[in-house]
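Numbers 57 to 469, taken from this note's numbering, label the letters of the sequence shown in order. For each residue, glycine too, the CB sits at the ideal point set by N, CA and C.
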Amino acid sequence: MFEELMGKKMFVVNCDVCDTRKVNEEALSGYEKIVINADTVLVNERAKDVLSRLPIVCNSDVTLELDGEVNIISKNGDFELSGSTAVSENTLLCVNGSLEIKPGAQQVLSSLAAVCVNGSVLCPASLAPYLNNFHVNGSTECYPDECTVLDPVFTPDVWFPLRARQEGQYYVSEQLRLTDKELDVSALAAKKVRFVTPSVLVLQEKTEAALTLFDETAKLEVIPSGYSFLSGDIRLAEGLLEQYGTKIYVKGSLTLTPECTGLLSRLEKPRVTGTVYLPESLEEAFRKTGAEYGGLQIVRGTTLANKAMLTLDNKLLDACPEGVSIRNCGLLRVRRDVSAERILDLVHTNNCGCILCGPEQKGAIEVVSENAGFIGDLKDKAAGEGEGVGGGIPGLLKQFANTRVVNGDLYLL
57 MFEELMGKKM FVVNCDVCDT RKVNEEALSG YEKIVINADT VLVNERAKDV
107 LSRLPIVCNS DVTLELDGEV NIISKNGDFE LSGSTAVSEN TLLCVNGSLE
157 IKPGAQQVLS SLAAVCVNGS VLCPASLAPY LNNFHVNGST ECYPDECTVL
207 DPVFTPDVWF PLRARQEGQY YVSEQLRLTD KELDVSALAA KKVRFVTPSV
257 LVLQEKTEAA LTLFDETAKL EVIPSGYSFL SGDIRLAEGL LEQYGTKIYV
307 KGSLTLTPEC TGLLSRLEKP RVTGTVYLPE SLEEAFRKTG AEYGGLQIVR
357 GTTLANKAML TLDNKLLDAC PEGVSIRNCG LLRVRRDVSA ERILDLVHTN
407 NCGCILCGPE QKGAIEVVSE NAGFIGDLKD KAAGEGEGVG GGIPGLLKQF
457 ANTRVVNGDL YLL
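Structure follows, in structure tokens:
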């Protein structure tokens, strides 16, 4: 009755799981358009027949055909499944996140009608045969049953040799980092500890003692003797050299600013696995350090990095007369009064997810941008997000008034 009074024309369902098996055709027949946005949609023969007669647009990762009564468990976030997890027979488990299956979960896995995972799955190798009814939008990894699972990138601290089990076996899915200078690697070897991992990063002075900790299939990355290890996006500064010394090994990127001019002469053959970002005025001095790096990029003026959202306007450019380099920004909004000429002269972007700009700015933004997910007109983007409906505010209100929206983890259509 409420929908009839409001004159609803569109029905939008946003959920993790949409169960259409008991769909009521009469209740939905009054809508001009029905949109289902779901990770998983459940159907049966009757539902497929009814849905075929309705004006439905279905956006889903997985469509499952299930009959009979099914218990549905929907989990948002990472989830662990073990032998003690309470699950009834004929259960559908949907996980929007990573799923880790613990040893001894055979009976629980057998009771599941299906499993949908929007993320990764990690399980013991012996349980791999139980994954036939899994639908995974991501990676599936199986590890040796005898292993204890550690962090994907694991750096043992000085206390780990005391805590590790005698002849303990550990699984590290991405990289084992033996980079703590105080770590007693020989103590781990004496305990006959073993790591199953595809990659190992180790200090040169600890390499020989570490070789018994993993097999020959692991990729070995050695940090030269005397170097300090740094991880992530590193910015060169006086305090950094005071703490770590002048010989640095960076697993990530290194940023140099004009203020670093006096520091470059102190660097001793820096090693950078990723990209070095620096102004053109420092390029020659940096190369003289004997550096090894994955890539080198000249940046303009002031660097703005790792911002969720950023607005580029004339005030910012006025404050940065030598230009701005913007990288790793989720959303960059360009004000309309910033001219294309100023963009070409003063701006460079790299790895920005979405750059919103006017049509007269788009060409300039495309020239100065690398690895941008989206570059487009503000009006077009807004319209795509439901913010720029034809007719301005009245049109927007009309669309909202004519649309029924339902949000939830599980929705029964």
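Applying the criterion that 16 or more other CB atoms from any shown protein chain within 10 Å of the CB defines a buried residue, is residue i buried or exposed?
{"i": "G451", "result": "Since pLDDT at G451 reaches only 48, below the 50 mark, its modelled position is unreliable, and no value is offered."}
{"i": "V371", "result": "Checking the displayed sequence, the identity of residue 371 turns out to be Lys instead of Val. With fewer than 16 Cβ atoms within 10 Å of its Cβ, K371 is classed as exposed."}
{"i": "F342", "result": "buried"}
{"i": "D75", "result": "buried"}
{"i": "P94", "result": "Note on residue identity: the sequence assigns Ala, not Pro, to residue 94. Flag for A94 reads buried."}
{"i": "F135", "result": "buried"}
{"i": "K344", "result": "exposed"}
{"i": "N463", "result": "exposed"}
{"i": "A181", "result": "exposed"}
{"i": "F210", "result": "buried"}
{"i": "K275", "result": "exposed"}
{"i": "K78", "result": "exposed"}
{"i": "N174", "result": "buried"}
{"i": "Q417", "result": "buried"}
{"i": "A473", "result": "Since the first residue shown for the chain is 57 and the last is 469, residue 473 is missing from the structure and cannot be characterised."}
{"i": "K237", "result": "exposed"}
{"i": "P335", "result": "buried"}
{"i": "L218", "result": "exposed"}
{"i": "A471", "result": "The structure shown does not extend to residue 471, since the chain spans only 57 to 469, so no value can be given for it."}
{"i": "F58", "result": "Note that F58 scores a pLDDT of 40, beneath 50, so its modelled location is shaky and nothing firm can be said."}
{"i": "P212", "result": "buried"}
{"i": "V214", "result": "exposed"}
{"i": "A246", "result": "exposed"}
{"i": "V113", "result": "exposed"}
{"i": "P394", "result": "Rather than Pro, the amino acid found at residue 394 in this sequence is Val. When all chains shown are included, V394 counts as buried."}
{"i": "V461", "result": "exposed"}
{"i": "G448", "result": "Because the pLDDT of G448 is 46, which lies under 50, any placement of that residue in the model is unreliable, and the number read from its coordinates should be weighed accordingly. Result: exposed."}
{"i": "E443", "result": "Below a pLDDT of 50, predicted positions are generally treated as unreliable, and E443, at 40, falls in that range; the measurement from the model is reported next regardless. The residue in question, E443, is exposed, as its Cβ has fewer than 16 Cβ neighbours within 10 Å."}
Checking 9 Å against the spacing of the C-beta atoms, do residue i and residue j come in under that value?
{"i": "L269", "j": "F251", "result": "yes"}
{"i": "L368", "j": "V390", "result": "yes"}
{"i": "S284", "j": "I304", "result": "yes"}
{"i": "N146", "j": "S166", "result": "no"}
{"i": "A184", "j": "C172", "result": "no"}
{"i": "G35", "j": "G288", "result": "The chain is shown from 57 up to 469; residue 35 falls before or after that span and cannot be answered."}
{"i": "G346", "j": "K363", "result": "no"}
{"i": "N115", "j": "L148", "result": "no"}
{"i": "L110", "j": "S140", "result": "no"}
{"i": "N152", "j": "S130", "result": "yes"}
{"i": "S138", "j": "L155", "result": "no"}
{"i": "V73", "j": "I90", "result": "no"}
{"i": "V228", "j": "T253", "result": "yes"}
{"i": "M170", "j": "F190", "result": "First, the residue type needs correcting, since residue 170 is Ala and not Met in the sequence shown. Going by C-beta atoms, A170 is nearer than 9 Å to F190."}
{"i": "Y186", "j": "V205", "result": "no"}
{"i": "Y467", "j": "C71", "result": "yes"}
{"i": "Q299", "j": "V278", "result": "no"}
{"i": "V403", "j": "I421", "result": "yes"}
{"i": "L257", "j": "L234", "result": "yes"}
{"i": "R327", "j": "E348", "result": "yes"}
{"i": "L469", "j": "I157", "result": "no"}
{"i": "I411", "j": "L388", "result": "yes"}
{"i": "V106", "j": "E81", "result": "yes"}
{"i": "D374", "j": "N132", "result": "no"}
{"i": "C408", "j": "R383", "result": "yes"}
{"i": "T329", "j": "G350", "result": "yes"}
{"i": "L323", "j": "L297", "result": "yes"}
{"i": "N458", "j": "K65", "result": "yes"}
Between residue i and residue j, how many whole angstroms is the CB-CB distance? I'm expecting something under 8 Å.
{"i": "P208", "j": "E230", "result": "4 Å"}
{"i": "L338", "j": "C316", "result": "7 Å"}
{"i": "G414", "j": "V380", "result": "19 Å between Cβ atoms; not a contact."}
{"i": "L292", "j": "T273", "result": "Not quite, the Cβ-Cβ distance comes to about 36 Å (not below 8 Å), so this is no contact."}
{"i": "V424", "j": "T405", "result": "6 Å"}
{"i": "N193", "j": "D117", "result": "5 Å"}
{"i": "K262", "j": "V241", "result": "5 Å"}
Per DSSP, what are the beta-bridge partners of residue i in this structure?
{"i": "P200", "result": "Partner(s): none; P200 has no beta bridge."}
{"i": "S255", "result": "K275"}
{"i": "C177", "result": "For the sequence presented, residue 177 should be read as Val rather than Cys. Bridge partners of V177: L155 and T196."}
{"i": "E136", "result": "E156"}
{"i": "S281", "result": "BP columns for S281 are empty, so no partner."}
{"i": "T459", "result": "M66"}
{"i": "G464", "result": "C71"}
{"i": "F270", "result": "Beta-bridge pairing links F270 to no other residue."}
{"i": "L149", "result": "I129 and V171"}
4-residue-minimum alpha helix (DSSP H) runs that sit fully inside the segment 68-130, ordered along the chain: With a minimum length of 4 residues, the continuous alpha helix (DSSP H) runs that stay inside the segment 68-130 are 81-84 and 101-107.
4 or more residues per run - each alpha helix (DSSP H) lying fully within the segment 361-422: Those alpha helix (DSSP H) runs which fall completely within the segment 361-422 and span 4+ residues are 370-375 and 396-402.
Contained beta strand (DSSP E) runs [length at least 3] in the segment 212-240, N- to C-terminal order: Listed in chain order, the complete beta strand (DSSP E) runs (minimum 3 residues) inside the segment 212-240 are 225-227 and 231-234.
Inside the segment 285-366 only - beta strand (DSSP E) runs reaching at least 3 residues: Within the segment 285-366, complete beta strand (DSSP E) segments of at least 3 residues are found at 304-311, 327-335, 348-355 and 358-361, given in chain order.
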